[in-house]
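In this note's numbering, the protein residues as written are 1005 to 1398.
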């Protein structure tokens, strides 16, 4: 009995004339995620993606687990196909769901009939197959209100399908369907979560990390690289841009008023990120800023750091509580790495009394002693690129 995986689409089904392009992007992402798990056939019909094993070494269990993290999929099911005949469907349900039916104490049947030429209504099919299952498994009672186990039948164009209640997928939009953005990735809790949330909206990401050796250690850099690799589980392969930031921070320390250290530093980060974005064709910059969380995240402070940009800044965490962010970090698997005790460049030369509500022009005046263009060019010349592959984080 050969089974397959059914993937249900989310927001893609609401698209109009460009819907097919979203489906193609999703299927491409699915095929890439299945590399190394064997040969599979991936096809899309009636808002459902079908994943079928085509080789003996195809690992359907591993495929099912991996596809739960693909953005654009809202539900997944392991299913088995059969001919569109009520008796064939009943026989297949009795055989395929045997272990589940033996474990459960109660069940119900739900039917979906997209092929309207099928001679029974959905309710009639559910009643018929439910009766056959009840007779085959007398110790499992019918309970249509609060069943322990749900049998799902789908009568579609090509065949009928039998499966259990589907599990939830990652949702969102296929990565790459909504453009490219640079994401500022530090070693903290927030930036990996903000990167995840923007990737979920279909954005392909270019992580940028600012590294200040020897003030920050190699372990701190390795920690951020590992966070990036964890994110590839959802975002796919990425190339991290590591920016040498030591000289810029030393220049800020030596020539700028202390209360503006952090704000001037962040303006440099934004300038460098925008240059990287333009070179890569990215259309936005993503940050993990959260309103009021730290001194540099007041409205006035964020306005001063973003004033040097032309590209939009995407801030998915801006209105979230810290506990909400922590919960999401735990769920996506970045939290334990984020709390490792290796600090990043944001903690270098932290002012004792930071300016929290700068007036327009104050920060520009504070950095006027610096050769901004030369420092930005120097940092860009020293970029290190690190390929982040999902397999390396498993």
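We put the beta carbon where it would ideally sit given N, CA and C, even for glycine. What you are looking at is a predicted structure, and each value in this text was computed from that prediction instead of being measured.
Where residue i and residue j are concerned, what is the direct C-alpha to C-alpha distance, given to the nearest angstrom?
i	j	result
residue 1147	residue 1290	49 angstroms
residue 1136	residue 1207	47 angstroms
residue 1037	residue 1366	49 angstroms
residue 1325	residue 1319	14 angstroms
residue 1156	residue 1338	35 angstroms
residue 1130	residue 1046	29 angstroms
residue 1385	residue 1247	9 angstroms
residue 1040	residue 1139	43 angstroms
residue 1212	residue 1377	19 angstroms
residue 1249	residue 1256	11 angstroms
residue 1184	residue 1298	28 angstroms
residue 1398	residue 1228	With a pLDDT of 32 at residue 1398, under the threshold of 50, the predicted position of this residue should be treated as unreliable, and no value is reported.
residue 1031	residue 1063	18 angstroms
residue 1251	residue 1284	25 angstroms
residue 1361	residue 1382	30 angstroms
residue 1316	residue 1122	52 angstroms
residue 1226	residue 1281	23 angstroms
residue 1396	residue 1143	In this prediction, residue 1396 has a pLDDT of 42, which is less than 50 and means its spatial position is unreliable; what the coordinates show is noted afterwards. Near 47 angstroms, if we compare the C-alpha coordinates of residue 1143 and residue 1396.
residue 1118	residue 1100	22 angstroms
residue 1021	residue 1107	46 angstroms
residue 1340	residue 1124	52 angstroms
residue 1128	residue 1205	40 angstroms
Helix, strand or coil: how does DSSP classify residue i here?
i	result
residue 1341	helix
residue 1061	coil
residue 1115	strand
residue 1144	coil
residue 1308	helix
residue 1045	strand
residue 1200	helix
residue 1124	coil
residue 1088	coil
residue 1193	coil
residue 1351	helix
residue 1094	helix
residue 1133	helix
residue 1051	coil
residue 1009	strand
residue 1205	strand
residue 1324	coil
residue 1017	helix
Is the beta carbon of residue j closer than 9 angstroms to that of residue i?
i	j	result
residue 1231	residue 1275	no
residue 1347	residue 1321	no
residue 1342	residue 1191	yes
residue 1387	residue 1245	yes
residue 1073	residue 1237	yes
residue 1371	residue 1219	no
residue 1336	residue 1234	yes
residue 1197	residue 1332	yes
residue 1017	residue 1093	no
residue 1349	residue 1269	yes
residue 1006	residue 1085	yes
residue 1352	residue 1286	no
residue 1044	residue 1027	no
residue 945	residue 1126	Since the first and last residues shown for the chain are 1005 and 1398, residue 945 lies out of range.
residue 1176	residue 1296	no
residue 1009	residue 1066	no
residue 1114	residue 1154	yes
residue 1089	residue 1164	yes
residue 1169	residue 1059	no
residue 1364	residue 1262	no
residue 1079	residue 1178	no
residue 1223	residue 1344	yes
residue 1188	residue 1273	yes
residue 1193	residue 1141	no
Buried or exposed for residue i, please, with buried defined as at least 16 other CB atoms from any protein chain shown within 10 angstroms of its CB.
i	result
residue 1379	buried
residue 1301	buried
residue 1277	buried
residue 1033	buried
residue 1133	buried
residue 1199	buried
residue 1160	buried
residue 1173	buried
residue 1158	buried
residue 1061	exposed
residue 1359	buried
residue 1266	buried
residue 1105	buried
residue 1253	buried
residue 1171	exposed
residue 1375	exposed
For the ligand PLP, is there a heavy atom less than 8 angstroms away from the beta-carbon of residue i?
i	result
residue 1038	Ligands are entirely absent from the displayed structure, and the ligand PLP is therefore not among its contents.
### Query
What runs of the beta strand (DSSP E), each 3 residues or longer, lie entirely inside the region 1219-1295?
1242-1248
### Query
If you scan the region 1358-1396 from start to end, which runs of the beta strand (DSSP E) of 3 or more residues do you find wholly inside it?
1388-1392
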